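Visitor:
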């Protein structure tokens, strides 16, 4: 029996290699590119113990394997179809033995179906609501403002108490060296380097630090301590330079993906706001009291 099975599989592989699958599956790949949901006409590729498998199902199987390769060669197609045959035979055996009736298997099948449907909905939504070039350009301009492109060569001294920071500022006003004071007093890991942080942008540091840093002129230090969640800072801006933004074409797809994620988050939020979700065992939120009736006009 085993020898017969091997012969049948070898015969199948040979037949696949000699068939005209290449244009069929290549065209099917074009069918499955993200577009608005619409019915497609499947074409049978192979039949396994009476179970017909279409070109769309072959591509769905390929996607489930995590394969990103294009099926543009007979070798790749034969390899995929041979794997599909093996997997289908195992699935047929599972159904024959009633394994598909097990609760845990049913749960896994249900979740797999939900995942596929959710992905199909996302693809359909993006196809019907494409991100425009104008939206991408607006997001690009918003991110790469003149202020955002400024970089600062900055050093700082971090201490725990505000009074200590004021005392250090007094020492600076008397002419003491900023970097020497940082090595003595700073709690930050940059203390051994005299407080030097190198070149940083405003969005690379916490907001209070960034606000203070961007307000200082080259060669100036903060005259009052700057508070953040880390403690109290004295900040020195040693130099300022402007970065060149990356070309729009170079980051266009990154912005498209970000805007799509924002679209998706908004869509899911709207769905959740309209959905009735009940968690087993969780206490139901108290119902809001009905508004008091408006008293009749006198």
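In mature numbering (1 follows the signal peptide of the UniProt record, and there is no 0), the protein residues as written are -28 to -1, 1 to 270. Note that the Cβ used here is the ideal one computed from N, Cα and C, for glycine as well. Just so it is clear, the structure is predicted and the values come from calculations on it, not from any experiment.
1. Between residue 127 and residue 150, how many whole angstroms is the CB-CB distance? I'm expecting something under 8 Å.
2. Residues in the same chain with beta-carbon distance under 8 Å from residue 231, minus the five sequence neighbours each way, listed in chain order, please.
3. Using the Cβ count rule (16 or more neighbours within 10 Å means buried), how would you classify residue 229?
4. Between which two residues does the beta strand (DSSP E) harbouring residue 103 extend?
5. May I ask which residues mark the beginning and end of the beta strand (DSSP E) holding residue 239?
6. Secondary structure at residue 198, three-state DSSP: helix, strand or coil?
7. Quick check for students: name the residue ranges of the alpha helix (DSSP H) that lie wholly in the stretch 151 to 210, counting only runs of 4 or more.
8. For residue 81, which of 63, 18, 58 has the nearest alpha-carbon?
9. In terms of residues, what are the limits of the beta strand (DSSP E) holding residue 56?
10. Give the range of the alpha helix (DSSP H) segment to which residue 121 is assigned.
11. Since residue 97 and residue 185 should fall inside the 8 Å C-beta cutoff, what is the C-beta to C-beta distance between them, to a whole number of angstroms?
12. Of the residues 219, 94, 203, 132, which one's Cα is nearest the Cα of residue 233?
13. Which residues in the same chain have their Cβ closer than 8 Å to the Cβ of residue 254, if we skip the five residues on either side of it in sequence?
14. How would you write the range of the alpha helix (DSSP H) that residue 17 sits in, first residue to last?
15. Within the same chain, show all residues whose beta-carbon is closer than 7 Å to that of residue 47, passing over the 5 residues directly before and after it, in chain order.
16. Going by the CB atoms, is the gap between residue 143 and residue 130 shorter than 8 Å?
17. Short check: CB of residue 121 to CB of residue 217, under 8 Å?
18. Report buried or exposed for residue 137, applying the criterion of at least 16 other Cβ atoms within 10 angstroms of its Cβ.
19. Would you mind reading off the limits of the beta strand (DSSP E) that contains residue 25?
20. Express the C-alpha separation of residue 220 and residue 237 in angstroms, rounding to a whole number.
21. Count the other C-beta atoms from every protein chain shown that fall within 10 angstroms of the C-beta of residue 101, then say buried if there are 16 or more, exposed otherwise.
22. Which residues does DSSP list as the beta-bridge partners of residue 130?
23. For residue 181, collect the residues of the same chain with a Cβ closer than 8 Å to its Cβ; drop the 5 residues on either side in sequence, then sort them by chain order.
24. Name, in chain order, the residues that DSSP records as bridge partners for residue 115.
Guide: Once the coordinates are examined:
1. 6 Å
2. 103, 107, 108, 111
3. exposed
4. Annotation: residue 103 is outside any beta strand (DSSP E) and is labelled neither H nor E by DSSP.
5. It is not in any beta strand (DSSP E) - residue 239 instead sits in the alpha helix (DSSP H) that spans 220 to 246.
6. Of the three classes helix, strand and coil, the one that applies to residue 198 here is strand, per DSSP.
7. 179 to 187
8. The option with the nearest alpha carbon to residue 81 is 63.
9. Counting along the chain, residue 56 falls outside any beta strand (DSSP E), though it belongs to the alpha helix (DSSP H) covering 46 to 68.
10. Unbroken run through residue 121: none, as it is neither H nor E.
11. Actually they do not touch by this definition, with Cβ atoms about 41 Å apart.
12. 94
13. none
14. First-last for residue 17: 16 to 20, but that is the beta strand (DSSP E), not the alpha helix (DSSP H).
15. none
16. no
17. yes
18. buried
19. Element bounds for residue 25: 23 to 26.
20. 24 Å
21. exposed
22. Residue pairing from DSSP places residue 130 in a beta bridge opposite 205.
23. 128, 198, 200, 205, 207
24. According to DSSP, which records beta bridges pairwise, residue 115 is partnered with nothing at all.
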